Amino acid sequence: MRRRLVVAGALGALALITAPAPAQGILGKIKDRARTEVDRKEDAAINAVVNSVSCAITDKACIKKAHDAGEPVKVTDKNGKAVSSADSAAAISAAVAQAASISADDSPAGGAAGGNPGIAPVSSTSASGGAPGAGAWLNYDFVPGSRTMFFEDFTGEDVGDFPARMKLKNGNVEVANVKGQKMLRAAETALVYIVFTEKLPDRFTIEMNMHTPTVAYPMDIYTSGGNQNRMGCYPNSAFVHAEATSESKAPGNNATGFFNCRFTVDTRYVRGYIDSTRTANAPGVSFVRTDTLFIQLPGGTKNDPTLVSSIRIAEGGKKLYDLISTKGRAATQGILFDEGSDHIRGESTPTLAEIADMLKTHGPLSLTIEGHTDNVGTAAANKTLSEKRAVAVKQYLVGKYGIASIRLKTAGFGATKPASPNTTPEGRQNNRRVELVKL
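Here the numbering used here is used: the first residue of the sequence shown is 1, the next is one more, and so on.
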């Protein structure tokens, strides 16, 4: 209506002016063009509001579809309110980037209803991001606990069931088949928890490989029902939040697929990691040591749910040299290999550095590096693999740190010397280890 009045007014003005001066004619054209540009911008703004597609920040399929169609996207929170421009831009970017790795994939018979997004977790090779002690892993300092208290990768669970060794407080969670791998699947917000046979120790570590569909809502972890102190992960950062204090949080790389969320919890501090980056360091934060660990999953949608491929909780160990000097040997879970391979993963960086520093500091010390496996697979294959892994560790220490080869011997025992019974997931985890034995 406003534009019609403007046009009518302009026609009336033209009828009154019979012989405009050249200057007046030029001025009139300039004004007309200015009005046209204002009208064009107003039209664009109106169309952006009227024709925009509203998508919940958790609905990446909606965001991607609108983006591909060239339609304006209005990203909203769970209450239908528009999120900030920064969160909107991040959600659109994540949806577009992730689309390449997401494809529809029907579940097998008896699987999760409605299919699954078919997102494959990062492989052990891609997760390591290259050789230890180089690139992104150069300053990595997370060392996993040495005694596994809980481990779950859902391989022993039936698709469609809730994991038998976990408990559900609220929400809808089930085991789903995602491109041939079993995972925990939550299409809506859910609270699950783990009950241990003992209280959490003074020092413990948490490791989770997961995918969450949104940067707006995190995965939360806490140890008591009050939830005063908590830690958790967004796809691009880990955080620690203590009662009456602000979050300790720094951005990492935005993960558009699966990411590793890790925490070291000590009586003096809590540190959080996303993949190879430490994004939270909170000194003086205390978590109540109970026998329960709560995990709040942010959920998502049927086509893009939260997925968890593995969870490991472990008691933190002593320094390797302290164990070797008192017991003559030390077992470590901190040297990791690609599955079925002797390729050392990048996450092994801090443990390998600790061994090298120990050998440099204590010149007379010589070691046998022992490789051990669980009982999955044939005895011959496990023995060969454990031997190759022990040799790989020696070669790395000699080549990277210049440790004299004569100070290091190697041996591989496969599954013949288990540290724990191979009857539980935790036992098998404890048996997949490298041991350092004083010569």
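Cβ atoms here follow ideal geometry from the backbone N, Cα and C, with glycine treated the same way.
All values derive from a computational prediction rather than experimental measurement.
query: In three-state terms, what does DSSP make of Asn431?
result: If DSSP states are grouped into helix, strand and coil, Asn431 belongs with the helices.
- prompt: Cβ of Asn172 within 7 Å of any heavy atom in the ligand NAP?
  reply: The model on display carries no ligand, and the ligand NAP is accordingly not part of it.
query: Out of curiosity, what's the CA-to-CA distance linking Ala353 and Thr368?
result: 17 Å
field: Closest Cα partner of Gly427 within the set Asn303, Arg271, Thr373 and Phe294
entry: Thr373
task: Could you tell me whether the Cβ atoms of Phe151 and Arg271 are closer together than 8 Å?
output: no
- request: Please state if the CB of Thr205 and the CB of Gly316 are separated by a distance shorter than 8 Å.
  value: yes
task: Helix, strand or coil for Met183, going by three-state DSSP, please let me know.
output: strand
- request: Give the single residue among Pro213, Val285, Lys302 and Ser276 whose Cα lies nearest to the Cα of Met455.
  value: Shown here, the chain extends from 1 to 439; a query on residue 455 therefore has no answer.
message: Less than 8 Å between the C-beta atoms of Gly340 and Leu385, yes or no?
response: yes
message: Checking 8 Å against the spacing of the C-beta atoms, do Lys417 and Asp342 come in under that value?
response: no
field: Sequence ranges, alpha helix (DSSP H) only - wholly within the region 324-399, length at least 4
entry: Fully enclosed alpha helix (DSSP H) runs of 4 or longer: 349-361.
query: Once you ignore the five residues that flank Leu336 on each side, which residues in its own chain have a CB closer than 6 Å to its CB?
result: Closer than 6 Å at the Cβ level, and outside the excluded window around Leu336, lie Arg345, Glu347 and Ser348.
- prompt: DSSP state of Arg407, grouped into three classes?
  reply: helix
- prompt: Cα separation between Ser366 and Asp275?
  reply: 33 Å
message: What does DSSP give as the partner residue(s) for Pro283 in the beta ladder?
response: For Pro283, the pairing in a beta bridge is given by DSSP as Tyr269.
message: Using only the alpha-carbon positions, how far apart do Leu297 and Gly371 sit?
response: 36 Å
message: Going by the DSSP bridge assignment, what does Arg289 pair with across the sheet?
response: Bridge partners of Arg289: none, in fact.
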